[in-house]
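Heads up: the structure comes next, in structure tokens.
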Amino acid sequence: MDEVTRIPVGGERPYDVLVGRGLLEEPLRLLPGADRVAVLHAAPLKGLADTLATRLQAAGVAPLLVEVPDAEAGKRIDVAADCWDRLGAAGFTRTDAVVGVGGGAVTDLAGFVAACWLRGVRWVPVATSLLGMVDAAVGGKTGINTAAGKNLVGAFHPPAGVVCDLATLDSLPPADLAAGMAEVVKCGFIADPVILDLVERDRAAALDPTGAVARELIERAIRVKAAVVAGDLRESGVREVLNYGHTLAHAIEKAEGFRWRHGDAVAVGLVYAASLARLAGRLDAATADRHRAAVAALGLPTGYRADAWPELLAAMRVDKKARGSTLRFVVLDGLARPAILEGPDDALLRAAYDEVAQP
Ligand SMILES: NC(=O)c1ccc[n+]([C@@H]2O[C@H](COP(=O)([O-])OP(=O)(O)OC[C@H]3O[C@@H](n4cnc5c(N)ncnc54)[C@H](O)[C@@H]3O)[C@@H](O)[C@H]2O)c1
Ligand SMILES: O=C(O)C(=O)C[C@@H](O)[C@H](O)[C@H](O)COP(=O)(O)O
Ligand SMILES: [Zn+2]
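Read in order, the letters of the sequence shown are residues 7 to 365 in the numbering used here.
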């Protein structure tokens, strides 16, 4: 095992995010006293889930392997219900626990299953995608999608700890690695511009999961998220900054029937949010342009269908940051100066969309 970085996440239920290689023993250590542990996973991570189950068994803990549909197909209420049926059949009690092994979709589902079972049992995300490590597994937001939109049902349920085994990234498809970089870059814009310098200096190094640059980016992004959620687990204020780029992103995901990568949608959402802030007179053109350049350099999409605007606007109206009929967007007043744009009018929203609209 190489060096392990331990990043504390403070707040009412503190825990650590562990970053390193060869961390598969950690879920056991993080869940003392559990007699049974459900290991939720999708097909691509079956091998890792099996290995974890073997280790649990060897330690005297009964593993329950639960395979769920991959990616967003798993973030559904019927899938969660199947998981609860499995826990019930296996007699899971309040001292038992759930581990989610996979990308952000599986860990969001696993956390939600744990949050609701017996009104809350312990859980540990073993994040295997870049996006999961830097974002989804950290912070205690869990949930599923509904017909009305992305993540509209869920719970705040902090994990017992977060495991980011960098070795798992070796098998992550390049497109998913790039998608994860959208959230890393988001952290750069809202809080840590060194992230942007690193990505702009050497894009290939940023996208090489075995290298030191990628590890620095991962740890920097986790620290940004940890600092934010420590003070506002339930998103009553400052946590909203982590939603930068997400108002349009979630609308695009809904328009695509949840078949787009979340990070791809966030990439477009970041470019849109920067245009919105510039057109609202809040952000300078150079910083706005930096969004499009960073996203494009990572090979991520910078635009979306022009004709989709009416349905995107309708979807944005049920964004969780909206208050009644007032839309609220996270914008930048400058680099690393996130703020809220309250109630922008439809003409401004449309003008910004014209800057990302594609035929
Ligand atoms: N809870 C939060 O705070 C939070 C934050 C950000 C994103 N999210 C959610 O996370 C999800 C996106 O996460 P994601 O980008 O990881 O997508 P994902 O979970 O859909 O994973 C993408 C693909 O990569 C595969 N995969 C994952 N790890 C792999 C590995 N090591 N080797 C091979 N294949 C691997 C998955 O099986 C899947 O096919 C979205 O649902 C998003 O809403 C949640
Ligand atoms: O952790 C948060 O808070 C975030 O907003 C992080 C986002 O990257 C993430 O996609 C999150 O799932 C979005 O939350 P939602 O409440 O807008 O669904
Ligand atoms: Zn996100």
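Even for Gly, the Cβ is constructed at its ideal location relative to N, Cα and C. Quantities reported herein were computed from a predicted structural model and do not represent experimental measurements.
Suppose the cutoff is 6 Å on Cβ atoms and the five residues either side in sequence are ignored; what does the same chain contact list for residue i look like?
i, result
"Ala255", "Ala271, Val272 and Gly275"
"Glu143", "Note on identity: in this sequence residue 143 is Ala, with Glu being the wrong assignment. Closer than 6 Å at Cβ, skipping near neighbours: Thr113, Pro131, Ala133 and Val168."
"Asn157", "Gly149"
"Val230", "Cys193, Ala197 and Asp198"
"Ala302", "Thr308"
"Phe195", "none"
"Arg226", "Asp198 and Ile201"
"Gly138", "Gly109, Gly110 and Thr113"
"Ala173", "Arg27"
"His297", "Leu276, Val277 and Ala280"
"Met187", "Leu304"
Starting from residue i and walking both ways along the alpha helix (DSSP H), at which residues does that stretch end?
i, result
"Leu248", "Note, Leu248: premise wrong, no alpha helix (DSSP H); not H, not E."
"Arg61", "Lys52 to Ala64"
"Gly344", "The question names Gly, yet the displayed sequence has Pro at residue 344. Note, Pro344: premise wrong, no alpha helix (DSSP H); beta strand (DSSP E) at Pro344 to Glu348."
"Ala116", "Gly110 to Cys122"
"Ala320", "Trp315 to Met322"
"Ala302", "Ala291 to Ala303"
Here's the rule: buried if 16 or more other CB atoms are within 10 angstroms of the residue's CB, otherwise exposed. What is residue i?
i, result
"Asp351", "exposed"
"Ala77", "buried"
"Gly330", "exposed"
"Arg125", "exposed"
"Asp360", "exposed"
"Thr293", "buried"
"Gly287", "exposed"
"Gly263", "exposed"
"Glu245", "Checking the sequence, you will find Arg at residue 245 rather than Glu. It is buried - the Cβ of Arg245 has at least 16 other Cβ atoms within 10 Å."
"Ile224", "buried"
"Ala185", "buried"
"Ile346", "exposed"
"Thr60", "exposed"
"Thr253", "buried"
"Ala95", "exposed"
"Glu348", "exposed"
"Asp91", "exposed"
Put residue i into one of helix, strand or coil per three-state DSSP.
i, result
"Gly160", "strand"
"Val337", "strand"
"Leu71", "strand"
"Thr332", "strand"
"Asp208", "coil"
"Trp266", "coil"
"Leu355", "helix"
"Arg221", "helix"
"Asp171", "strand"
"Leu93", "helix"
"Ala103", "strand"
"Gly186", "helix"
"Asp22", "strand"
"Ala227", "helix"
"Ala232", "helix"
"Gly155", "strand"
"Leu178", "coil"
"Cys311", "Reading off the sequence, residue 311 comes out as Arg, not Cys. In the structure shown, Arg311 sits in a strand (DSSP, three-state: E or B)."
"Ala279", "helix"
"Leu34", "helix"
"Ala44", "strand"
"Ala363", "strand"
"Pro199", "helix"
"Asp88", "helix"
"Gly39", "coil"
"Arg284", "helix"
"Ala166", "coil"
"Lys260", "helix"
In the DSSP assignment, find the unbroken beta strand (DSSP E) run with residue i in it and report its ends.
i, result
"Gly149", "Lys147 to Thr152"
"Thr393", "The chain is shown from 7 up to 365; residue 393 falls before or after that span and cannot be answered."
"Pro131", "Arg128 to Ala133"
"Val140", "It is not in any beta strand (DSSP E) - Val140 carries neither H nor E in the DSSP assignment."
Here's a check: name, in chain order, each residue in its chain whose Cβ is nearer than 8 Å to the Cβ of residue i, leaving out the five neighbours to either side.
i, result
"Arg82", "Pro75, Ile150 and Asn151"
"Ile258", "Trp266, Ala271, Val274, Gly275, Tyr310, Ala314 and Leu318"
"Val324", "Ala154, Gly155 and Leu158"
"Ala40", "Val67, Thr101, Asp102, Ala103 and Arg128"
"His47", "Leu54, Ala55, Leu71, Val72, Glu73, Val74, Gly106, Val107, Gly108 and Val112"
Ordered along the chain, which non-local residues of its own chain (more than five positions away) have a Cβ less than 7 Å from that of residue i?
i, result
"Phe162", "Gly146, Lys147, Leu239 and Arg240"
"Val362", "Val274, Val277, Tyr278, Ser281, Thr308, Gly309 and Tyr310"
"Val85", "Val74, Pro75 and Leu115"
"Leu51", "Val107, Gly108 and Thr134"
"Leu285", "Leu354, Ala357 and Ala358"
"Ala121", "Thr148, Ala161 and His163"
"Leu30", "Thr57, Leu58, Arg61 and Asp171"
Self-check item: For ligand 3, residues whose Cβ lies under 6 Å from any non-hydrogen atom
Solution: Counting only heavy atoms of ligand 3, the residues whose C-beta sits closer than 6 Å to one of them are, along the chain, Asp141, Glu189, His252, His268 and Val272.
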